[in-house]
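Enquirer: Quick mapping for you: the protein sequence lines, in order, are chains A and B.
Using the working numbering, read the first sequence as starting at 1 and increasing by one per residue.
Using the working numbering, read the second sequence as starting at 317 and increasing by one per residue.
Glycine included, every Cβ here is placed at the ideal spot set by N, Cα and C.
Bear in mind that the values here come from a model prediction, so they are computed numbers and not experimental data.
This structure is in structure tokens; I'll ask about it shortly.
2 protein chains.
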Amino acid sequence: MKCRVCREPAVIDLRRHNANFCAEHFLRHCCQQVERVIHDYKMFSPEDRLLVAVSGGKDSLAVWDILHELGYAVDGLYVGLGIERYSGESLSYVSDFVDRRGLNLTIVDLGDTYGFDVPGAAEATGRVPCSACGLSKRHVFDSAAVDGKYDAVVTGHNLDDEAAVLYGNVMRWQVDYLGRQRPLLEARDGFPRKAKPLVRLTERETAAYCVLRGIDYQVEECPMAIGNKHLGFKETLNLLEDRSPGSKAEFYFGYLKRAVDRFSDAEDRGRLGICSGCGAPTDAEVCAFCRLVSRSAGATQPVAFKARNEATVSKR
Amino acid sequence: MKCRVCREPAVIDLRRHNANFCAEHFLRHCCQQVERVIHDYKMFSPEDRLLVAVSGGKDSLAVWDILHELGYAVDGLYVGLGIERYSGESLSYVSDFVDRRGLNLTIVDLGDTYGFDVPGAAEATGRVPCSACGLSKRHVFDSAAVDGKYDAVVTGHNLDDEAAVLYGNVMRWQVDYLGRQRPLLEARDGFPRKAKPLVRLTERETAAYCVLRGIDYQVEECPMAIGNKHLGFKETLNLLEDRSPGSKAEFYFGYLKRAVDRFSDAEDRGRLGICSGCGAPTDAEVCAFCRLVSRSAGATQPVAFKARNEATVSKR
Chain A
1 MKCRVCREPA VIDLRRHNAN FCAEHFLRHC CQQVERVIHD YKMFSPEDRL
51 LVAVSGGKDS LAVWDILHEL GYAVDGLYVG LGIERYSGES LSYVSDFVDR
101 RGLNLTIVDL GDTYGFDVPG AAEATGRVPC SACGLSKRHV FDSAAVDGKY
151 DAVVTGHNLD DEAAVLYGNV MRWQVDYLGR QRPLLEARDG FPRKAKPLVR
201 LTERETAAYC VLRGIDYQVE ECPMAIGNKH LGFKETLNLL EDRSPGSKAE
251 FYFGYLKRAV DRFSDAEDRG RLGICSGCGA PTDAEVCAFC RLVSRSAGAT
301 QPVAFKARNE ATVSKR
Chain B
317 MKCRVCREPA VIDLRRHNAN FCAEHFLRHC CQQVERVIHD YKMFSPEDRL
367 LVAVSGGKDS LAVWDILHEL GYAVDGLYVG LGIERYSGES LSYVSDFVDR
417 RGLNLTIVDL GDTYGFDVPG AAEATGRVPC SACGLSKRHV FDSAAVDGKY
467 DAVVTGHNLD DEAAVLYGNV MRWQVDYLGR QRPLLEARDG FPRKAKPLVR
517 LTERETAAYC VLRGIDYQVE ECPMAIGNKH LGFKETLNLL EDRSPGSKAE
567 FYFGYLKRAV DRFSDAEDRG RLGICSGCGA PTDAEVCAFC RLVSRSAGAT
617 QPVAFKARNE ATVSKR
């Protein structure tokens with residue numbers, strides 16, 4: 001197995017590209033895929049200030065590392081979710097990453113700042129944990145980006161993530177979500193611009209990227225996500241991909257090329273007002289996050305590693 | 317387990333409908349589902365003359381039986397494909413069905429009429445057998461319906477078939493096919509009207525219908541279709557359905573309700589001319605079927621039961 005570029009021994013085979021790479025050219029391949037996405041979707045320019053949503057997993061650390069290497073100005077934002085051992089560990093990976101590179105990281109702990117955590121909110125509201133978690137993270141990232149005057153929020157969604165979300169939306173024909181499923185969402189109505197530069201890399205590729213770059217990341221899946229539908233959709237797509245390499249990319253990029261524009265009018269774009277609680281854009285009197293906060297107030301569970309979450313690390 | 321309607325012991329449970337039925341009320345349920353589809357999609361009226369494409373499998377015999385019971389005037393057309401033992405057996409089920417009911421059946425044997433059969437054509441052209449078979453059947457059904465001045469061609473496509481075809485078209489975003497995937501296609505450009513009245517019944521339901529009605533049908537899958545992608549898509553959808561009953565119907569009917577119209581402009585509807593060989597509508601000088609015939613001429617394989625295929629049975 002030889003590297004497609006230099007013919008030296010390869011360390012990874014990418015069946016979808018029908019190519020093998022040595023470590024050096026695989027890392028270059030990852031950076032090129034990200035540059036191509038940034039260019040194709042006009043995501044941002046080197047003058048922009050970016051805020052990456054970082055979790056301690058392979059994807060968010062990889063996207064931060066790649067953008068930093070490419071010379072973009074990227075700060076990080078970590079949200080402490082209060083999920084037992086899991087949250088404490090995830091923060092330790094992020095802290096290690098920023099310490100080595102001297103990057104700026106802001107930490108918002110849901111418990112300290114809003115008086116609830118994800119397990120508590122799920123229990124108090126009867127929502128599934130992933131729903132309360134997603135809502136909270138979106139709110140914190142959006143407000144931090146707007147308040148900090150960042151030009152875009154960057155997330156580490158990879159090809160597997162995006163294909164699985166698309167798959168779920170297609171299986172139920174949720175046309176309002178389908179119209180919004182793009183690698184770049186422009187700022188509008190008080191929401192920041194949002195960019196997903198990793199959509200041309202699979203999770204196997206972002207994991208390999210981290211390993212080869214010596215980036216330690218949290219391997220464990222979130223214990224609260226186990227059994228959710230999203231992971232089931234990923235499994236199904238992986239079966240199709242095994243049988244026919246490239247079918248996942250064909251599904252996702254075929255959608256972007258030939259179908260997404262057909263759904264762009266499906267989104268409910270009624271005028272948004274301003275939340276009377278927090279000032280965030282919302283179509284209700286009080287936004288969904290503030291309603292979650294008021295229903296979950298005081299609902300926190302004891303967290304190991306809590307001490308790590310209390311400080312706001314901020315360096316460059 | 318009791319019948320939803322009469323509370324007598326049930327013979328079948330339909331998880332998707334969260335209902336059980338006795339034999340009598342299950343058969344009525346099947347007829348009602350077909351009537352609903354005919355009504356919702358304005359498929360045809362009792363004055364129309366219908367031609368059902370019949371294979372000897374559960375679906376085509378069920379649709380013929382149901383439409384006959386509902387009082388529609390339906391003749392049958394069987395195409396002899398020349399697939400070894402399989403074709404001979406399939407014809408014997410059809411013959412038995414029409415003999416008992418005194419229905420009109422026309423038989424067109426590809427070998428006798430066009431000098432080739434499906435295995436021979438696949439070998440001569442390098443096409444997969446399902447492709448040569450589908451092309452041939454479409455051509456024979458379409459011309460017979462137009463020549464016989466039928467108001468519509470009826471096929472036995474069930475919910476599993478339609479969901480699997482939709483799934484395949486979505487996984488590759490074949491937008492031209494997506495725009496045409498409806499239970500009713502109007503006549504146009506020399507093609508007959510085409511109707512699929514079984515789209516609200518699964519293949520488990522059409523099989524149970526035949527069993528309860530005492531209709532013998534060919535159970536065996538076509539030996540040439542084994543391993544094709546369509547069957548793989550059916551498996552995947554069955555896994556999703558097992559986990560979450562109703563998801564197959566949600567996928568297919570959600571598409572018809574919220575998405576199909578978004579693809580209706582995607583079809584290539586350039587003006588069609590007339591095939592210089594057979595007079596069928598085509599966008600080329602010679603239609604795809606005539607090209608298949610000329611490349612496959614003389615390509616037939618010895619067929620068991622051949623004698624059964626030679627006669628044209630026509631009764632009422």
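Are there 16 or more other CB atoms within 10 angstroms of the CB of valine 379 of chain B, so buried, or fewer, so exposed?
Expert: As a working mapping, residue 379 of chain B is identified with position 63 in the second sequence. That one is buried.
Enquirer: Hey, does glutamate 128 of chain A have any beta-carbon neighbour from chain B nearer than 9 Å?
Expert: Against the first sequence, residue 128 of chain A aligns to sequence position 128. For the record, residue 128 of chain A in the displayed sequence is valine; it is not glutamate. Valine 128 of chain A does not count as touching chain B.
Enquirer: How would you call lysine 2 of chain A, buried or exposed, if buried means at least 16 neighbouring beta carbons within 10 angstroms?
Expert: Residue mapping note: residue 2 of chain A aligns to position 2 of the first sequence, counting from 1. Result: exposed.
Enquirer: Using only alpha-carbon positions, find the residue among B/Tyr568, B/His355 and B/Ala326 that is nearest to asparagine 485 of chain B.
Expert: Residue mapping note: residue 485 of chain B aligns to position 169 of the second sequence, counting from 1. Per the Cα distances, B/Tyr568.
Enquirer: Whole angstroms is fine: what's the gap from glutamate 267 of chain A's alpha carbon to arginine 607 of chain B's?
Expert: For the purposes of this step, residue 267 of chain A is taken as residue 267 along the first sequence, with counting starting at 1. For the purposes of this step, residue 607 of chain B is taken as residue 291 along the second sequence, with counting starting at 1. So the two alpha carbons sit approximately 46 Å from each other.
Enquirer: Going by alpha carbons, who is nearest to valine 211 of chain A out of A/Asp13, A/Leu27, A/Arg16 and A/Cys6?
Expert: To locate residue 211 of chain A, count along the first sequence from 1; it is residue 211. Looking at the Cα atoms, A/Leu27 is the closest of the given residues.
Enquirer: In chain order, what residues of the region 479-498 of chain B put their CB closer than 7 Å to some CB of chain A?
Expert: Val486, Met487, Arg488, Trp489 and Val491
Enquirer: Please tell me whether threonine 155 of chain A and valine 52 of chain A are closer than 9 Å, where the distance is taken between their beta carbons.
Expert: Position 155 of the first sequence, counting from 1, holds the residue named residue 155 of chain A. Position 52 of the first sequence, counting from 1, holds the residue named residue 52 of chain A. Their beta carbons are under 9 Å apart, which means threonine 155 of chain A touches valine 52 of chain A by this criterion.
Enquirer: What residues in the region 398-427 of chain B have a beta carbon less than 7 Å from any beta carbon of chain A?
Expert: none
Enquirer: When you compare the CB of leucine 556 of chain B with every CB in chain A, is at least one pair closer than 9 Å?
Expert: Looking up residue 556 of chain B in the second sequence gives position 240. With 9 Å as the cut-off, leucine 556 of chain B counts as an interface residue toward chain A.
Enquirer: Under 9 Å, do phenylalanine 191 of chain A and proline 129 of chain A count as touching if we go by C-beta distance?
Expert: As a working mapping, residue 191 of chain A is identified with position 191 in the first sequence. As a working mapping, residue 129 of chain A is identified with position 129 in the first sequence. Contact: no.
Enquirer: Are isoleucine 423 of chain B and glycine 396 of chain B touching if we call contact CB-CB under 9 Å?
Expert: Walking along the second sequence from the start, residue 423 of chain B turns up at place 107. Walking along the second sequence from the start, residue 396 of chain B turns up at place 80. Yes, they are a contact pair.
Enquirer: What is the rounded straight-line gap between the Cα of asparagine 420 of chain B and the Cα of leucine 14 of chain A?
Expert: Taking the first residue of the second sequence as position 1, residue 420 of chain B is located at position 104. Taking the first residue of the first sequence as position 1, residue 14 of chain A is located at position 14. Looking at the two C-alpha atoms, the distance is approximately 57 Å.
Enquirer: Kindly indicate if chain B contains any beta-carbon less than 9 Å away from that of serine 131 of chain A.
Expert: Numbered from 1 along the first sequence, position 131 holds the residue referred to as residue 131 of chain A. Chain B contact via Cβ: absent.
Enquirer: From which residue to which residue does the alpha helix (DSSP H) around threonine 422 of chain B run?
Expert: For the purposes of this step, residue 422 of chain B is identified with residue 106 of the second sequence, where counting begins at 1. Per DSSP, threonine 422 of chain B belongs to no alpha helix (DSSP H); it is in the beta strand (DSSP E), 421-425.
Enquirer: Does glycine 391 of chain B come out as helix, strand or coil in the three-state DSSP assignment?
Expert: Here residue 391 of chain B refers to the residue found at position 75 of the second sequence. A small fix is needed here, since residue 391 of chain B is aspartate in this sequence, not glycine. Under the three-state reduction of DSSP output, aspartate 391 of chain B falls in the strand class.
Enquirer: Can you tell me which of the three DSSP states asparagine 228 of chain A falls into?
Expert: Position 228 of the first sequence holds residue 228 of chain A. Asparagine 228 of chain A: coil per DSSP, three-state reduction.
Enquirer: Is alanine 284 of chain A helix, strand or coil when you go by DSSP?
Expert: As a position in the first sequence, residue 284 of chain A is number 284, starting the count at 1. Coil.
Enquirer: Taking buried to mean at least 16 other C-beta atoms within 10 Å of its own C-beta, is lysine 58 of chain A buried or exposed?
Expert: As a first step, residue 58 of chain A must be located in the first sequence, where it is residue number 58. That one is buried.
Enquirer: Which bits of chain B does arginine 243 of chain A rub up against, with CB to CB less than 8 Å?
Expert: Start at 1 with the first residue of the first sequence, and residue 243 of chain A comes out as number 243. Among the residues of chain B, those whose CB is under 8 Å from the CB of arginine 243 of chain A are Gly548, following chain order.
Enquirer: Does glutamate 324 of chain B come within less than 9 Å of chain A when only Cβ atoms are used?
Expert: Reading the second sequence from its first residue, position 8 is the one you call residue 324 of chain B. Chain A contact via Cβ: absent.
Enquirer: At which residues does the beta strand (DSSP E) containing isoleucine 328 of chain B begin and terminate?
Expert: Taking the first residue of the second sequence as position 1, residue 328 of chain B is located at position 12. Run containing isoleucine 328 of chain B: 328-330, per the beta strand (DSSP E) assignment.
Enquirer: Label threonine 126 of chain A either buried or exposed according to how many other C-beta atoms from any shown protein chain fall within 10 Å of its C-beta, with 16 as the threshold for buried.
Expert: Taking the first sequence and counting its residues from 1, one reaches residue 126 of chain A at position 126. In the sequence as presented, threonine is not what sits at residue 126 of chain A; that position holds glycine. Burial call: exposed.
Enquirer: Helix, strand or coil for alanine 311 of chain A per DSSP?
Expert: Taking the first residue of the first sequence as position 1, residue 311 of chain A is located at position 311. Because the pLDDT at alanine 311 of chain A is just 38, under 50, the model does not fix this residue reliably, and the value given afterwards should be weighed accordingly. In this structure, alanine 311 of chain A counts as coil in the three-state DSSP scheme.
Enquirer: Determine, using beta carbons only, whether glutamate 566 of chain B comes closer than 9 Å to chain A.
Expert: Position 250 of the second sequence holds residue 566 of chain B. Judged by the 9 Å Cβ criterion, glutamate 566 of chain B is in contact with chain A.
Enquirer: How long is the line joining the alpha carbons of leucine 377 of chain B and arginine 365 of chain B, rounded to whole angstroms?
Expert: The residue you call residue 377 of chain B lines up with position 61 of the second sequence. The residue you call residue 365 of chain B lines up with position 49 of the second sequence. So the two alpha carbons sit approximately 17 Å from each other.
Enquirer: List the residues of chain B whose Cβ lies closer than 8 Å to the Cβ of tyrosine 255 of chain A, in chain order.
Expert: Position 255 of the first sequence, counted from the first residue, corresponds to residue 255 of chain A. Near tyrosine 255 of chain A (Cβ distances below 8 Å), the residues of chain B are Trp489.
Enquirer: Once the 5 residues before and after threonine 206 of chain A are set aside, which same chain residues still bring their CB inside 7 Å of it?
Expert: Here the question's residue 206 of chain A lines up with position 206 in the first sequence. Excluding sequence neighbours, threonine 206 of chain A sits near Lys58, Asp59, Ala62, Asn158 and Leu198.
Enquirer: In whole angstroms, what separates the C-alpha of glycine 562 of chain B from that of arginine 320 of chain B?
Expert: The residue labelled residue 562 of chain B in the question sits at position 246 within the second sequence. The residue labelled residue 320 of chain B in the question sits at position 4 within the second sequence. So the alpha carbons of these two residues sit roughly 18 Å apart.
Enquirer: Return no unless some Cβ of chain B is closer than 9 Å to the Cβ of phenylalanine 191 of chain A.
Expert: Here the question's residue 191 of chain A lines up with position 191 in the first sequence. No, phenylalanine 191 of chain A does not count as interfacial toward chain B.
Enquirer: Put phenylalanine 198 of chain A into one of helix, strand or coil per three-state DSSP.
Expert: What you label residue 198 of chain A is simply residue 198 of the first sequence in a count that begins at 1. The displayed chain sequence assigns leucine, not phenylalanine, to residue 198 of chain A. It is coil, neither helix nor strand.
Enquirer: By Cβ distance below 7 Å, which residues in the same chain neighbour glutamine 490 of chain B in space, the five residues on each side in sequence not counted?
Expert: Counting from one through the second sequence, the residue named residue 490 of chain B turns up at place 174. Taken in chain order, the list of residues that qualify is empty.
Enquirer: At least one CB of chain B closer than 9 Å to the CB of arginine 16 of chain A: is that the case?
Expert: Counted from its first residue, the first sequence places residue 16 of chain A at position 16. So, not an interface residue.
Enquirer: Looking at C-alpha atoms only, which residue of A/Asp176, A/Lys248 and A/Gly71 is the closest neighbour of threonine 202 of chain A?
Expert: The count along the first sequence starts at 1 and reaches residue 202 of chain A at position 202. Minimum Cα distance to threonine 202 of chain A is reached at A/Lys248.
Enquirer: With DSSP run on the structure shown, which of helix, strand or coil describes tyrosine 177 of chain A?
Expert: Within the first sequence, the letter at position 177 stands for residue 177 of chain A. Residue state, collapsed to three classes: helix.
Enquirer: Where do the ends of the beta strand (DSSP E) carrying phenylalanine 337 of chain B lie?
Expert: Taking the second sequence and counting its residues from 1, one reaches residue 337 of chain B at position 21. Per DSSP, the unbroken beta strand (DSSP E) holding phenylalanine 337 of chain B starts and ends at 335-337.
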